[in-house]
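Read through the structure below, which is laid out as structure tokens, and then see the notes.
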Amino acid sequence: MDQTRSAFCEPLSAALKHALGHLAPARELSVAATASLESLRAKLCFSLPEAGTDGARVVDELVSGVEGGIINSAGPRFFGWVIGGSLPAALAADWLTSAWDQNAGLYACSPAAAIVEEAAGQWLKGLLHLPATASFALVTGAQMAHVTCLAAARHALLAKQGIDVERDGLSGSPAIRILTSTEKHGTIVRAVRLLGLGEKNLISLQADADGRLPAEILTNALQENSTAPSVVVLQAGDLNIGAFDDFQTLIPIAKKHGAWVHIDGAFGLWAAASARYRHLLAGAGQADSWTTDGHKWLNVPYDCGYAFVADREAHRASLSHRAAYLTHDADARDQMDWTPEYSRRGRGFATYAALRQLGKAGVEALIDRTCGHAHALVTRMGSLQGAEMLWEPQINQGLIRFHDPRNGATDADHDAFTDRIMAAILASGEAFFTGTTWRGRRAMRVSVCNWQTSTEDVERVIKCVARTLEAAK
Ligand SMILES: *Cc1c(COP(=O)(O)O)cnc(C)c1O
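If you read the sequence shown in this note's numbering, its first letter stands for residue 1, the second for the next number, and so on.
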């Protein structure tokens, strides 16, 4: 074997062996971490030795060092936050992405990475029922997708006022207000901060009982200061109950007032890929920009989010970059013109592979199947003695609360009991749920995003929760 080959062979073979050791028995491993903070620190944090270590040994020692600290979030019984696993082809393509180690900022720097992104961008727009002419960017996640979309919004809204924000900055421009609902995700707030729009200009309007922004409230807010440049941020799937704003009603109202409409569909935009759930996104194609993730419901490895912008020129103007030492090809798409990053990972490969592995029918089946499992989990857990269904999943998100069985138990007791049951489920290693405080009450969130979750997993989790409740009596 030649020297280069042997230098890579052992570490990569070790990685393959360890990866299969993690992935193949995923159903048998504890879903939760089993190592403590102290033990992880004790194993992993030491002063960097003077001498280097053989590559394969580094891999072996890394694996033993992290043992117990790797959460089985890529496995089938992980229902915390909103987290997907990795489809096999996507994971393999992600490994190759590292092996190829392309700088996917420019076509000239990796023609294949640029073209794969072009293909993936078109496929994504098709699946998500977005305008075929929209521009797009593959970024690290929904957070940076919001930044990308809102940078385009900032450009377009201020250009209408005769201001070149990229050149002049924000100091001489009128404040842009961002109207959104109380159910917005925190990444919207951070995007607003990063873009210098100012958190005080973000106005959270009260959502209704279904988590949707009422038309009248939006209309009144838009009329209140009708000359202010405005962004309206709507939601396709909020993180607690998966609520969808009424796009068909709200977008025309926002447009009438000259606002830029952005949709946070970090996971919910994927409902568009399913005939059964697509109606939830009726009218969403009329927005100006959209955010979704690849690393959640599509089951692409982290980091992978997507930004889409209807006004290509606003998108390009807000981010594009030219420098004498860069090589631009007139015909090709340089990713750098659309993304906030400069040097970047060729993250299109994993998305391309995920979409190829699933096909259109497979994406639709993934959405339908996970929604079905979420519904079964929540309704059946909710009917267990001592449990209450707070929100029946409309898509793949629902809420459960547990009731302290003692006589005269108060709401605060039920809150504490809910946390206790969640902790006990976690300690069992059988399933992973995370909590939330929803409308003033503690609740267990149920989010199903993983391609591997099966009917047997659902049965197993319901049994585990039933046992946990029984033991807590
Ligand atoms: C997860 C999530 C985000 C943030 O996405 P990242 O990919 O973690 O940046 C934004 N909005 C909603 C609704 C989400 O669920």
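Just so you know, even glycine gets a beta-carbon here, dropped at the ideal spot from N, CA and C. Keep in mind the model is a prediction, meaning the values are calculated, not measured.
Reduced DSSP secondary structure (H/G/I, E/B, other) of isoleucine 263
Indexing the sequence shown from 1 puts residue 263 at position 263. Isoleucine 263: strand per DSSP, three-state reduction.
Could you have a look at isoleucine 178 and say whether DSSP puts it in helix, strand or coil?
Indexing the sequence shown from 1 puts residue 178 at position 178. Looking at isoleucine 178 - three-state DSSP - the assignment turns out to be strand.
Whole runs of the beta strand (DSSP E) within the segment 314-391, excluding any shorter than 3 residues:
387-391
What is the rounded straight-line gap between the Cα of asparagine 474 and the Cα of leucine 44?
Only positions 1 to 473 of the chain appear in the structure, and residue 474 is not among them; the question remains open.
Examine ligand 1 and report whether any of its heavy atoms sits within less than 7 Å of the Cβ of glycine 362.
On the sequence shown, residue 362 is found 362 positions in, with the first residue counted as 1. Glycine 362: no, Cβ never under 7 Å from ligand 1.
Below 8 Å on the Cβ atoms is my guess for lysine 296 versus leucine 127; work out the distance and round it to an integer in Å.
For the purposes of this step, residue 296 is taken as residue 296 along the sequence shown, with counting starting at 1. For the purposes of this step, residue 127 is taken as residue 127 along the sequence shown, with counting starting at 1. 14 Å between Cβ atoms; not a contact.
N-terminal and C-terminal residue of the beta strand (DSSP E) that threonine 436 is part of:
Walking along the sequence shown from the start, residue 436 turns up at place 436. It spans 434-438 - the beta strand (DSSP E) in which threonine 436 sits, taken as one unbroken run.
Check the DSSP bridge columns for serine 135 and list the partner residues they point to.
As a first step, residue 135 is located in the sequence shown; it is residue number 135 there, counting from the start. Val309, per the DSSP bridge assignment.
If we ignore side chains and look at the alpha-carbon of each, how far apart do glycine 283 and phenylalanine 247 end up?
Translated into positions along the sequence shown, residue 283 becomes position 283. Translated into positions along the sequence shown, residue 247 becomes position 247. Their backbone Cα atoms lie some 5 Å apart in a straight line.
How big is the Cα-Cα spacing for alanine 273 and glycine 408?
The residue given as residue 273 occupies position 273 in the sequence shown. The residue given as residue 408 occupies position 408 in the sequence shown. Straight-line Cα distance between these residues: approximately 47 Å.
If you scan the segment 158-203 from start to end, which runs of the beta strand (DSSP E) of 3 or more residues do you find wholly inside it?
177-181
Three-pair Cβ contact test at 8 Å for the segment 44-53 versus the segment 388-402
no
Any chance the segment 334-345 sits against the segment 169-182, with 3 or more Cβ pairs inside 8 Å?
no
So, for alanine 354: in the same chain, excluding its five sequence neighbours on each side, which residues have a beta-carbon less than 6 Å away from its beta-carbon?
The residue you call residue 354 lines up with position 354 of the sequence shown. Closer than 6 Å at Cβ, skipping near neighbours: Leu87, Ala90, Leu298 and Val300.
Within 7 Å: the Cβ of leucine 138 and any heavy atom of ligand 1?
By one-based count along the sequence shown, residue 138 stands at place 138. Leucine 138: no, Cβ never under 7 Å from ligand 1.
Inspect the beta-carbon positions of histidine 262 and serine 226 and report whether they are closer than 8 Å.
Within the sequence shown, numbered from 1, the residue matching residue 262 stands at position 262. Within the sequence shown, numbered from 1, the residue matching residue 226 stands at position 226. In this structure, serine 226 does not lie closer than 8 Å to histidine 262 by Cβ.
Taking 8 Å as the cut-off, decide whether the C-beta atoms of threonine 113 and alanine 99 are in contact.
For the purposes of this step, residue 113 is taken as the residue at position 113 of the sequence shown. For the purposes of this step, residue 99 is taken as the residue at position 99 of the sequence shown. The amino acid at residue 113 is misidentified as threonine; the sequence shows alanine. It is not a contact, given that the beta carbons lie outside the stated cut-off.
I'd like to know whether the C-beta atoms of cysteine 464 and glycine 84 end up nearer to each other than 8 Å.
Reading the sequence shown from its first residue, position 464 is the one you call residue 464. Reading the sequence shown from its first residue, position 84 is the one you call residue 84. Going by C-beta atoms, cysteine 464 is not nearer than 8 Å to glycine 84.
Is leucine 239 near ligand 1 - that is, is its Cβ less than 7 Å away from at least one heavy atom of it?
Here residue 239 is taken as the residue at index 239 of the sequence shown, counted from 1. Under cutoff, so the answer is yes.
Determine the direct distance from the alpha carbon of alanine 191 to that of leucine 205, and round the result to whole angstroms.
Position 205 of the sequence shown, counted from the start, is the residue given in the question as residue 205. Position 191 of the sequence shown, counted from the start, is the residue given in the question as residue 191. Distance between the alpha carbons of leucine 205 and alanine 191 is about 18 Å.
Going by beta-carbon coordinates alone, are isoleucine 421 and threonine 468 separated by less than 8 Å?
Here residue 421 refers to the residue found at position 421 of the sequence shown. Here residue 468 refers to the residue found at position 468 of the sequence shown. Yes, they are a contact pair.
Could you say if the segment 117-135 and the segment 227-239 meet the contact criterion of at least three C-beta pairs nearer than 8 Å?
no
Of the choices Ala412, Thr249, Gly242 and Ala317, whose alpha-carbon is the least far from that of glutamine 397?
Indexing the sequence shown from 1 puts residue 397 at position 397. The residue with the shortest Cα to Cα distance from glutamine 397 is Gly242.
Helix, strand or coil for aspartate 94 per DSSP?
On the sequence shown, residue 94 is found 94 positions in, with the first residue counted as 1. Here aspartate 94 sits in helix by DSSP.
Bridge partner(s) assigned by DSSP for phenylalanine 78:
Stepping through the sequence shown from its first residue, residue 78 is reached at position 78. Phe432.
Return the chain-ordered list of same chain residues with a C-beta closer than 6 Å to the C-beta of alanine 424, the five sequence neighbours on each side being excluded.
For this step, residue 424 is matched to residue 424 along the sequence shown. Result list for alanine 424: Thr468, in chain order.
Give the single residue among Ser135, Ile251 and Leu426 whose Cα lies nearest to the Cα of arginine 316.
The residue labelled residue 316 in the question sits at position 316 within the sequence shown. Answer by Cα proximity: Ser135.
Along the chain, where does the alpha helix (DSSP H) that runs through aspartate 60 open and close?
Here residue 60 is taken as the residue at index 60 of the sequence shown, counted from 1. Taken as a continuous stretch (DSSP letters only), the alpha helix (DSSP H) holding aspartate 60 covers 55-66.
For glutamine 102, I'd like the list of residues in its chain whose CB is within less than 6 Å of its CB, leaving aside the five on either flank, ordered along the chain.
Residue numbering aside, residue 102 sits at position 102 when the sequence shown is read from its first letter. Excluding positions up to five away in sequence, the list reads Ser110, Ala113 and Gly346.
Just confirm the distance between the C-beta atoms of tyrosine 107 and alanine 332, as a whole number of angstroms; I'd bet it's less than 8 Å.
Reading the sequence shown from its first residue, position 107 is the one you call residue 107. Reading the sequence shown from its first residue, position 332 is the one you call residue 332. Right, their Cβ atoms sit about 4 Å apart.
If we ignore side chains and look at the alpha-carbon of each, how far apart do serine 173 and isoleucine 163 end up?
Against the sequence shown, residue 173 aligns to sequence position 173. Against the sequence shown, residue 163 aligns to sequence position 163. Taking the straight line from one Cα to the other gives about 7 Å.
Segment limits, beta strand (DSSP E) that includes aspartate 293:
Within the sequence shown, the letter at position 293 stands for residue 293. Per DSSP, aspartate 293 belongs to the beta strand (DSSP E) from 289-293.
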